[in-house]
Amino acid sequence: MNVIVNVSDQSNEIADAVHEEKEDEDLGAGDQGIMFGYATDESDPETLHPLTHLYANQLAQKLHDLRHSGEIPWLRPDCKTQITMEYKKEGSNYTPIRVHNVVISTQHSPEAEDIENVIKEKVINEVIPSKFLVDTEYFINPSKSFLIGGPEADAGLTGRKIIVDTYGGWAPHGGGAFSGKDASKVDRSAAYYARYVAKSLVAAGLCHRVLIQVSYAIGVAKPLSVHVDSYGTVKDGYTDKDLTRIISENFDFRPYYIIKELDLKRPIFRKTASFGHFGRMDPDFTWEHPKELKL
Numbered sequence: 001m002n003v004i005v006n007v008s009d010q011s012n013e014i015a016d017a018v019h020e021e022k023e024d025e026d027l028g029a030g031d032q033g034i035m036f037g038y039a040t041d042e043s044d045p046e047t048l049h050p051l052t053h054l055y056a057n058q059l060a061q062k063l064h065d066l067r068h069s070g071e072i073p074w075l076r077p078d079c080k081t082q083i084t085m086e087y088k089k090e091g092s093n094y095t096p097i098r099v100h101n102v103v104i105s106t107q108h109s110p111e112a113e114d115i116e117n118v119i120k121e122k123v124i125n126e127v128i129p130s131k132f133l134v135d136t137e138y139f140i141n142p143s144k145s146f147l148i149g150g151p152e153a154d155a156g157l158t159g160r161k162i163i164v165d166t167y168g169g170w171a172p173h174g175g176g177a178f179s180g181k182d183a184s185k186v187d188r189s190a191a192y193y194a195r196y197v198a199k200s201l202v203a204a205g206l207c208h209r210v211l212i213q214v215s216y217a218i219g220v221a222k223p224l225s226v227h228v229d230s231y232g233t234v235k236d237g238y239t240d241k242d243l244t245r246i247i248s249e250n251f252d253f254r255p256y257y258i259i260k261e262l263d264l265k266r267p268i269f270r271k272t273a274s275f276g277h278f279g280r281m282d283p284d285f286t287w288e289h290p291k292e293l294k295l
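Heads up: the sequence shown begins at 1 in full-length UniProt numbering, then just goes up one per residue.
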C-alpha cells in the first residue's frame, strides 16, 4: 500500500483575518455561521439534556461496553440507536410519559443468536428505566443481517448525521460539523459555549428549557447576535430579555474567551467522536458543568 500525504496550508487570507497581528482577545471567528445551544430539565439535574437523545447515546455506550467486556461476544463495533418518546404538553412544558419505540441496529458476528432478546435484556432494560418501557415497540436489527459494518459497508462518517452530535432534533442546527475542527472554529467552540450558557440558565432555575442562538462573521471577535428563547418557561418575574441581560453579564462569546473559559486547547476532542458531545458529565467536558451566575 502506498500512502500519499498531500496536506496543504490553509489560505493565508483566512489566517490574516482570524489571528495574524491581533491581540489574543481579538481572535476572530474562524468562519461565519450560526450555532445553537439547548438545555432542558426533563432529565436529571446533572445532564439537563433531552431524554430521547440522552438514552440513544447511553444505549450506544452500553453496546460499546458490553462488546469490550466480552459479555456479548458476538457484538461488533458498528451500531446505531434511536429513541422516540411520548410527551405530555403542560403549558409550555413537555413531560416525558413513555418510550414509544426503540431502534437499535448493531453489527454482529455470524454466530450471533437470539439477538433481539439479548439486546432487550442486557442493553435496553439496563439503560432505560422500566417506568418508561410501557407498550414500547422494539426494532432491533430491522434490516436483519448486519455482518458487514464500518468503512467496509459504507463510506464516510465525519460530518454526516450531525444532529446526533447535538440534541437529536430538539434544537436547530447551524449546519457546521464539530469533528475535525479545533476550537478556533466557532462551529465547534461556540456551539459548546452556547450549550454551557443554556445549561447554566436551566441549572440556576431561571427556566425549564432554553435555546441559545449565536452568529458570527469570519475574522470578527464579537458575535453578530445572541438570541434567547425560553419557550415561555422562564421563571416567574423574569423575561427572555432578562435572560439576555444575565448572559451578557456572565458570559463572553468572543472566541478567545470561549477557549480560555472552557480550556479548549487541551487534547480532549477524541472523546467527543462517539456517544455525544453533550449530556455527559466527563470532567474534560467543561461545557457540561454549569457556571454559577451573578443575577
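Glycine included, each C-beta is placed from N, C-alpha and C at the ideal position. Nothing here was measured: the structure is a model prediction, and the numbers come from that model.
Check, Outcome
"Output needed for R195: all residues of its chain with C-beta closer than 6 Å, excluding positions within five of it in sequence on either side, in chain order.", "G37, F278 and W287"
"Checking the sheet assignment: what are the DSSP bridge partners for L51?", "Partner(s): none; L51 has no beta bridge."
"How many angstroms separate the CA atom of A204 from the CA atom of E292?", "8 Å"
"Tell me the rounded alpha-carbon separation between G180 and D284.", "18 Å"
"Quick check on R266: buried or exposed, where buried means 16 or more other Cβ atoms within 10 Å of its Cβ?", "exposed"
"Could you tell me which whole alpha helix (DSSP H) segments of length 4 or greater appear in the UniProt domain \"S-adenosylmethionine synthetase central\" (27 to 146)?", "51 to 69 and 115 to 119"
"Comparing C-alpha positions only, which one of D135, K122 and L54 sits nearest to P73?", "K122"
"When the distance is taken between beta carbons, is I128 closer than 7 Å to V164?", "no"
"So T84 and T106 are supposed to be a Cβ contact under 8 Å. How far apart are they, rounded?", "Contact flag wrong, Cβ pair sits at about 18 Å."
"When the Cβ atoms of the stretch 2 to 12 are set against those of the stretch 183 to 200, are three or more pairs found closer than 8 Å?", "no"
"Evaluate R254 with the Cβ neighbour count: other Cβ atoms within 10 Å of its Cβ, from every protein chain shown; 16 or more gives buried, anything less gives exposed.", "buried"
"With the cut-off set at 7 Å, would you say I119 and I140 are in Cβ contact?", "yes"
"Is residue 300 helix, strand or coil when you go by DSSP?", "This structure cannot speak to residue 300, because the chain is shown only from 1 to 295."
"By the 10 Å Cβ neighbour count, where 16 or more other Cβ atoms means buried, how is G175 classified, buried or exposed?", "exposed"
"Between the stretch 266 to 276 and the stretch 54 to 66, do three or more beta carbon pairs fall short of 8 Å?", "yes"
"Residue 297 and D229 look like a contact to me (Cβ under 8 Å); what is the Cβ gap, rounded to whole Å?", "Past the edges of the chain, shown from 1 to 295, lies residue 297, and the structure says nothing about it."
"Which same chain residues, not among the five before or five after K199, have their C-beta less than 6 Å away from its C-beta?", "A39, L48 and P290"
"Among E111, A221, N57 and K235, which residue has its Cα nearest to the Cα of C207?", "K235"
"If you compare alpha carbons, which of V102, R76 and K89 is closest to S109?", "R76"
"Does DSSP classify R245 as helix, strand or coil?", "helix"
"Counting C-beta neighbours from all protein chains within 10 Å, is the total for D187 16 or more, i.e. buried, or is it exposed?", "buried"
"Output the distance between the C-alpha atoms of C79 and I212, rounded to the nearest integer angstrom.", "31 Å"
"Per DSSP, H227 forms a beta bridge with which residues?", "Q213"
"Using the C-alpha atoms, what's the distance from G237 back to A155?", "52 Å"
"Between the alpha carbons of S248 and A191, how many angstroms are there, rounded?", "17 Å"
"According to DSSP, is V164 helix, strand or coil?", "helix"
"At which residues does the alpha helix (DSSP H) containing D16 begin and terminate?", "N12 to V18"
"With E261 as the anchor, note down where its alpha helix (DSSP H) starts and where it stops.", "P255 to L262"
"Which word fits L262, buried or exposed, when buried means at least 16 other C-beta atoms lie within 10 angstroms of its C-beta?", "buried"
"Considering just the uninterrupted stretch of the alpha helix (DSSP H) at A190, what are its terminal residues?", "V186 to A203"
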